[in-house]
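Protein chains in written order, with the numbering used here: chain A, 1 to 272; chain B, 273 to 574.
The C-beta atom is built at its ideal place from N, Cα and C for all residues, glycine as well.
Owing to the predicted nature of the structure, the values given are computational and were not obtained by experimental measurement.
To keep things clear, I will list the structure first and then write my remarks on it.
See below:
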């Protein structure tokens, strides 16, 4: 029995190391020079562990800081607006009765079945008509709210005792006042979760930004990464350095706040 | 009707509260209406039009459908997508189940969290970055994979550049990105299974396999179904990984539906044909989801 347990732990650990390896390999490659990565046979450690030349080169070749800033801006706006709209809707769905409420909620959840790619052509045409192609507003517009957010907020608000809300009503607060003074303070964990998850999703977004942007200045970081592949021979030392730069911010957020992300995943899973 | 009338013109306090509730959900409703429902209807409408790259459109009946659905390129892309899906979905779900079962048995909470977060890490990465890292690992001459395999006496393979290996190679990237997400769902569900069930089974002399077969898997039924559906949807829409690495190559062997849709719409600006594909994707996903839900979701039996 003891042996068996050890074997199991070992298997899990080996798997985890295999899964982690690509990250390690990316980081190591980003510290190598071009001749180093073309050595045969391959050498795993870089000659100098503190060779950050590739990172400097990334910023020289492309406005990579701009890409990072664009992604941060777009993802922050999407996360913030998502929290506002979703928590309002969550309150409405969880604590009020009005005609059509359940049907409307079901309709929103049903939107999960509509793939974004099925609506992308009309959205592109509208953005074009509105003159929003290649603007921040255009990039962020379809991501301002997500179904998951509404779902999460409804779940979180449902468990607030009705007594709290009624007590605030007796005190004569308007419904909006109640929302700010009673509801929002009691769903802080859900807000944190949604902020992180939505930020992460939008930071990693690729399809729509590619469709809607044309100029170099409006590229987000995933598109910026692609500009290191448009050559005959891909300079993987630069590409991996750029990849590290694109992943690192989100990875730091993720590792520090993993608890919330896991909660979000579990939430979407258990209530499925 | 009267209920709706009262929403607009509330008479009593209760009417006003109903209206307040409706107003709270209104922004979200508007958003989803404008970003999903209206464009979806528009996509359906576009699919009946012949739209020139400049924007001039004329009604074309079902001719766009005929054009797309009789085009061998389209069916090749559908075939590729299905093959990719058959490679990655079962692999992802089985791996995630195995990892979750393994993690669940690890007694030390601290170590369990460490290993779990390592499996979960790729989920935070963009698909583009993930695919590009893997492309470097797959690199035929300088890549790590061929180097590692050389120790087992295996000759260098071409991976993403090979007709036969490109699909499994891309499937590995999809599995790598998704396995942690599914693991988390399974792990959370595993922890809700009461320990007494296992103890009772042990008393009755059930072995490890029997406990897995008759307790764990039935208790996870709902999660397994849901994860299968999520993975199916995710893999059906595969785009980023392919676009970033092979662009559909070599010789169209990794061309997928969404790749074709993207090219048709935004490279050749043939919105009519692209909309036919959009409708096809939507209808297929809806049918698959509903069917899977119906067929696989059984009531939990004890």
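Straight-line gap, residue i to residue j (C-alpha atoms, nearest Å)
i	j	result
residue 572/B	residue 486/B	Its pLDDT being 46, under 50, residue 572/B is placed unreliably in this model, and the coordinates cannot settle the point.
residue 493/B	residue 303/B	34 Å
residue 96/A	residue 541/B	46 Å
residue 157/A	residue 184/A	9 Å
residue 87/A	residue 27/A	39 Å
residue 263/A	residue 357/B	28 Å
residue 40/A	residue 29/A	15 Å
residue 556/B	residue 305/B	22 Å
residue 213/A	residue 515/B	17 Å
residue 271/A	residue 49/A	Residue placement at residue 271/A cannot be trusted, given a pLDDT of 47 that sits under 50; what the coordinates show is reported in the next sentence. If I take the Cα positions, the gap works out to 46 Å.
residue 348/B	residue 509/B	15 Å
residue 566/B	residue 501/B	11 Å
residue 11/A	residue 215/A	48 Å
residue 54/A	residue 226/A	16 Å
residue 93/A	residue 59/A	47 Å
residue 574/B	residue 105/A	Because residue 574/B carries a pLDDT of 39, less than 50, the predicted location of this residue cannot be relied on, and no value is offered for it.
residue 372/B	residue 338/B	46 Å
residue 247/A	residue 397/B	6 Å
residue 352/B	residue 474/B	46 Å
residue 292/B	residue 219/A	40 Å
residue 316/B	residue 456/B	37 Å
residue 261/A	residue 189/A	11 Å
residue 415/B	residue 187/A	48 Å
residue 524/B	residue 345/B	9 Å
residue 66/A	residue 75/A	14 Å
residue 320/B	residue 333/B	5 Å
Cβ-based burial, residue i [other Cβ within 10 Å; buried from 16]
i	result
residue 518/B	buried
residue 544/B	buried
residue 243/A	buried
residue 513/B	buried
residue 463/B	exposed
residue 256/A	exposed
residue 530/B	buried
residue 318/B	buried
residue 563/B	exposed
residue 439/B	buried
residue 194/A	buried
residue 418/B	buried
residue 7/A	exposed
residue 496/B	buried
residue 82/A	buried
residue 379/B	exposed
residue 481/B	exposed
residue 330/B	exposed
residue 285/B	exposed
residue 32/A	buried
residue 202/A	buried
residue 241/B	As shown, chain B starts at 273 and ends at 574. That puts residue 241/B outside it, with no answer to give.
Limits of the unbroken beta strand (DSSP E) element including residue i
i	result
residue 329/B	329-331
Range covered by the alpha helix (DSSP H) that runs through residue i
i	result
residue 219/A	Element bounds for residue 219/A: n/a, residue is neither H nor E.
residue 124/A	120-129
residue 322/B	Per DSSP, residue 322/B belongs to no alpha helix (DSSP H); it is in the beta strand (DSSP E), 321-323.
residue 254/A	236-256
residue 485/B	Per DSSP, residue 485/B belongs to no alpha helix (DSSP H) and is neither H nor E.
residue 153/A	147-158
residue 394/B	Careful: residue 394/B lies outside any alpha helix (DSSP H) and carries neither H nor E.
residue 85/A	64-95
residue 35/A	34-37
residue 99/A	Careful: residue 99/A lies outside any alpha helix (DSSP H) and carries neither H nor E.
Cβ of residue i within 9 Å of any chain C Cβ
i	result
residue 86/A	The structure shown has no chain C; the protein chains it does contain are A and B.
Quiz prompt | Contact residues within the segment 165-180 of chain A, judged by C-beta distance below 7 Å to chain B | solution = 175
Exercise. Please name the residues in the segment 44-62 of chain A whose beta-carbon is closer than 8 Å to at least one beta-carbon of chain B, in chain order.
Key: none
Practice problem: Could you please tell me which residues of the segment 525-538 of chain B, in chain order, have their CB closer than 9 Å to any CB of chain A? | Solution: 529, 530, 533, 534, 537, 538
Quiz item: When Cβ atoms are compared, which residues of the segment 230-254 of chain A fall closer than 7 Å to chain B?
Solution: 236, 239, 240, 243, 246, 247, 250, 251, 254
Quiz item: Taking Cβ-Cβ distances below 9 Å as the criterion, which residues of the segment 203-216 of chain A are in contact with chain B?
Solution: 203, 204, 205, 206, 207, 210, 211
Practice problem: Take every Cβ of the segment 195-202 of chain A, pair it with every Cβ of the segment 137-157 of chain A, and state whether three or more of those distances are shorter than 8 Å. | Solution: yes
Self-check item: Contacting positions in the segment 124-153 of chain A - beta carbon closer than 7 Å to chain B
Solution: 142, 144, 145, 150
Self-check item: Touch test, the segment 360-372 of chain B against the segment 442-452 of chain B, Cβ-Cβ under 8 Å, three pairs minimum
Solution: yes
Exercise. Could you say if the segment 100-118 of chain A and the segment 155-175 of chain A meet the contact criterion of at least three C-beta pairs nearer than 8 Å?
Key: no
Self-check item: the segment 403-420 of chain B contacting the segment 224-240 of chain A, beta-carbon criterion three pairs below 8 Å
Solution: yes
Self-check item: Short-range partners of chain A found in the segment 370-388 of chain B, where Cβ spacing is below 7 Å
Solution: 371, 374, 375, 377, 378, 387
Quiz item: Can at least three beta-carbon pairs, one atom from the segment 115-133 of chain A and one from the segment 306-313 of chain B, be found at a separation below 8 Å?
Solution: yes
Quiz prompt | Short-range partners of chain A found in the segment 310-328 of chain B, where Cβ spacing is below 7 Å | solution = 311, 312, 314, 315, 318
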